[in-house]
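*Asks:* Attaching a single structure in structure tokens format; questions to follow.
Numbering (this note's numbering), first residue to last: 78 to 385.
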């Protein structure tokens, strides 16, 4: 095998890994210590840290940094925690420093990432995203639960379920795997599963998600999403948000005007059914959320106080 053959093989390998690779991988593609030394001396390959390299021709992207960190931490390392949350595009997480998790029985250090050790890192917790080894969404949510508020955790979960990144059962099974290890945040995840498993769904559309963010930002107590109201067919129809103890419902109406007009009578009939049972129904639109959010939050809070 010629040196050119080695260069081509390493380039193909690095191309699958955002431009990063290890010395061991280069040797596996046919490189020798002499070839490695020459490429480093010539600046064709860059040293990210001893034993972890990058092609000089590859852009220095965030994804390259993540890939290099997992490579440097060892073959069993996976991207995790906030870095994994950002890679999975979980709501509220942006690009930042790499974090990796390794098996608790293995030693792995790298200056390229913050390193976590875990006694439980099963195949069910491992995945790949854009070619980078990473904890799956359910494990990622469990890992970050100990470092964010409960309201943030609920927001992350709701968005992940809505976008089909994770399911209630996947998160439950993940919690069962790690709960005995005393992992931070497991109590919050357990509480989340109880609340969302006891008839509490997640907001189903963009307007509903915006309403929930508005309520949380305004400090309103967490509502039950997709609540099976007693005056509706619980199998087919649910209300968007409810505070059952206060018998308050908030409906987000995202329909176009001509559709709202056509359904006006039906909605008012349902509101009357709710009133007969002692429930108050508030209805809001996109305009309310975008232009009158403070007023809406104030009205909801006032209704809750009056009913307490």
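Even for Gly, the Cβ is constructed at its ideal location relative to N, Cα and C.
Counting Cβ pairs, one atom from each stretch, are 3 or more of them under 8 Å apart for the region 289-307 and the region 367-381?
*Replies:* Yes, the region 289-307 is in contact with the region 367-381.
*Asks:* Buried or exposed, going by whether 16 or more other CB atoms sit within 10 Å of the CB of residue 172?
*Replies:* In the chain shown, residue 172 corresponds to position 95, counting from 1. That one is exposed.
*Asks:* Starting from residue 220, trace the beta strand (DSSP E) both ways and give me its first and last residue.
*Replies:* Counted from its first residue, the chain shown places residue 220 at position 143. Taken as a continuous stretch (DSSP letters only), residue 220 belongs to no beta strand (DSSP E), being part of the alpha helix (DSSP H) at 214-221.
*Asks:* If you compare alpha carbons, which of 150, 264 and 368 is closest to residue 249?
*Replies:* Reading the chain shown from its first residue, position 172 is the one you call residue 249. The option with the nearest alpha carbon to residue 249 is 264.
*Asks:* Can you tell which of 195, 242 and 191 has its C-alpha closest to the C-alpha of residue 213?
*Replies:* Translated into positions along the chain shown, residue 213 becomes position 136. With distances taken between Cα atoms, residue 213 lies closest to 242.
*Asks:* Beta strand (DSSP E) containing residue 303: first to last residue?
*Replies:* Numbered from its first residue, the chain shown carries residue 303 at position 226. Its beta strand (DSSP E) spans residues 301-304.
*Asks:* Could you check the C-alpha separation between residue 224 and residue 262 for me, to the nearest Å?
*Replies:* Position 147 of the chain shown, counted from the start, is the residue given in the question as residue 224. Position 185 of the chain shown, counted from the start, is the residue given in the question as residue 262. So the alpha carbons of these two residues sit roughly 7 Å apart.
*Asks:* With DSSP as the reference, label residue 179 as helix, strand or coil.
*Replies:* The sequence position of residue 179 within the chain shown is 102, counting from 1. Here residue 179 sits in strand by DSSP.
*Asks:* So if DSSP puts residue 194 in a beta bridge, which residue, or which two residues, is it bridged to?
*Replies:* In the chain shown, residue 194 corresponds to position 117, counting from 1. Paired residue(s): 179.
*Asks:* Taking the continuous beta strand (DSSP E) assigned at residue 202, which residues delimit it?
*Replies:* Start at 1 with the first residue of the chain shown, and residue 202 comes out as number 125. From DSSP, residue 202 is part of no beta strand (DSSP E); its letter is neither H nor E.
*Asks:* Just confirm the distance between the C-beta atoms of residue 211 and residue 161, as a whole number of angstroms; I'd bet it's less than 8 Å.
*Replies:* Counted from its first residue, the chain shown places residue 211 at position 134. Counted from its first residue, the chain shown places residue 161 at position 84. Confirmed, about 5 Å.
*Asks:* Thinking just about the alpha-carbon of each residue, which of 353, 323, 346 and 344 is nearest to the one in residue 382?
*Replies:* Against the chain shown, residue 382 aligns to sequence position 305. Of the listed residues, the one whose Cα sits closest to residue 382 is 323.
*Asks:* So does the region 150-167 actually touch the region 102-122, counting three or more Cβ pairs closer than 8 Å?
*Replies:* Contact fails: fewer than three Cβ-Cβ distances are below 8 Å.
*Asks:* How should residue 302 be labelled, buried or exposed, when 16 other C-beta atoms within 10 angstroms of its C-beta is the threshold for buried?
*Replies:* Position 225 of the chain shown, counted from the start, is the residue given in the question as residue 302. Per the 10 Å Cβ criterion, buried.
*Asks:* Along the chain, where does the beta strand (DSSP E) that runs through residue 326 open and close?
*Replies:* Translated into the one-based positions of the chain shown, residue 326 becomes position 249. Segment 325-329, the beta strand (DSSP E) holding residue 326.
*Asks:* Where does the unbroken beta strand (DSSP E) through residue 125 begin, and where does it stop?
*Replies:* Numbered from its first residue, the chain shown carries residue 125 at position 48. First-last of the beta strand (DSSP E) with residue 125: 122-126.
*Asks:* Looking at the unbroken alpha helix (DSSP H) that takes in residue 90, where does it start and where does it end?
*Replies:* Your numbering for residue 90 matches position 13 in the chain shown. 80-92 is the extent of the alpha helix (DSSP H) around residue 90.
*Asks:* By Cβ distance, which residues of its chain are closer than 8 Å to residue 364, with the 5 residues on each side in sequence left out?
*Replies:* Here the question's residue 364 lines up with position 287 in the chain shown. Cβ within range, chain order: n/a, list empty.
*Asks:* Below 8 Å CB to CB, which residues in the same chain sit around residue 254 once its five sequence neighbours on both sides are set aside?
*Replies:* The count along the chain shown starts at 1 and reaches residue 254 at position 177. Answer for residue 254: 197, 199, 201 and 202, listed in chain order.
*Asks:* Give the single residue among 113, 140 and 293 whose Cα lies nearest to the Cα of residue 130.
*Replies:* Against the chain shown, residue 130 aligns to sequence position 53. For residue 130, the nearest C-alpha among the options comes from 113.
*Asks:* Skipping 5 residues on each side, what residues in its chain have a beta carbon closer than 6 Å to that of residue 116?
*Replies:* Numbered from its first residue, the chain shown carries residue 116 at position 39. Once the five neighbours on either side are set aside, the close Cβ partners of residue 116 are 122.
*Asks:* Shortest alpha-carbon distance to residue 269 belongs to which of 233, 239 and 145?
*Replies:* Mapped onto the chain shown, residue 269 falls at position 192. The residue with the shortest Cα to Cα distance from residue 269 is 233.
*Asks:* Report the rounded CA-to-CA distance for residue 378 versus residue 369, giving the unit in angstroms.
*Replies:* Stepping through the chain shown from its first residue, residue 378 is reached at position 301. Stepping through the chain shown from its first residue, residue 369 is reached at position 292. C-alpha separation (whole angstroms): 14 Å.
*Asks:* Using 10 angstroms around the beta-carbon of residue 60, count the other beta-carbons present and answer buried if the total reaches 16, otherwise exposed.
*Replies:* One cannot answer for residue 60 here, as it falls past the ends of the chain, which runs 78 to 385.
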